[in-house]
Structure formats: C-alpha cells, structure tokens
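Asker: Next up is a structure, given as structure tokens.
Residue numbers (this note's numbering): 3 to 68.
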C-alpha cells in the first residue's frame with residue numbers, strides 16, 4: 003500500500019464509523035487502525051485467540067465457529 007493513500011483510507015473509514023454511530027445512536031465509536039500486512043498482523047496478535055474472516059471462504063461458516 004502507498005502510505006499516503008493508506009492514511010486517507012483509514013481517515014475515511016474512521017469518518018464512516020463516526021457517522022454510522024451517530025445515525026444509530028451508539029455512544030462508543032470503534033477505532034479504525036492502520037492497515038497491516040499479514041505478517042505484521044500475526045506478530046501483533048501473538049498467541050492470543052483470534053478469528054480472522056475471509057470473504058472467499060467456502061467451507062468454514064462463521065455461525066459454526068461461534
């Protein structure tokens with residue numbers, strides 16, 4: 003990712019999150035964090051349990067994982 007484009011996207015997504023919270027009356031606005039590549043994400047997660055969703059998954063359904 004181009005760092006300048008990445009920064010603009012993250013700011014845009016944060017604004018979308020703020021507006022969505024405003025529309026539904028939610029008090030807590032989720033934080034949109036910078037984009038990470040997969041190795042950086044794995045390093046950040048470490049050995050903590052995590053659920054990573056992939057839009058093209060065809061075998062493991064989200065409802066069965068919960």
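Note that CB positions come from ideal geometry on N, CA and C, so glycine has one too.
Pull up the distance between the alpha-carbon of residue 51 and that of residue 44, whole angstroms please.
Answerer: Approximately 11 Å between the Cα atoms of the pair.
Asker: Could you spell out where the alpha helix (DSSP H) holding residue 26 opens and where it closes?
Answerer: Where residue 26 is concerned, the enclosing alpha helix (DSSP H) stretches over 5-26.
Asker: List the endpoints of the continuous alpha helix (DSSP H) containing residue 41.
Answerer: Here the alpha helix (DSSP H) through residue 41 covers 40-47.
Asker: Is residue 60 helix, strand or coil by DSSP?
Answerer: If DSSP states are grouped into helix, strand and coil, residue 60 belongs with coil.
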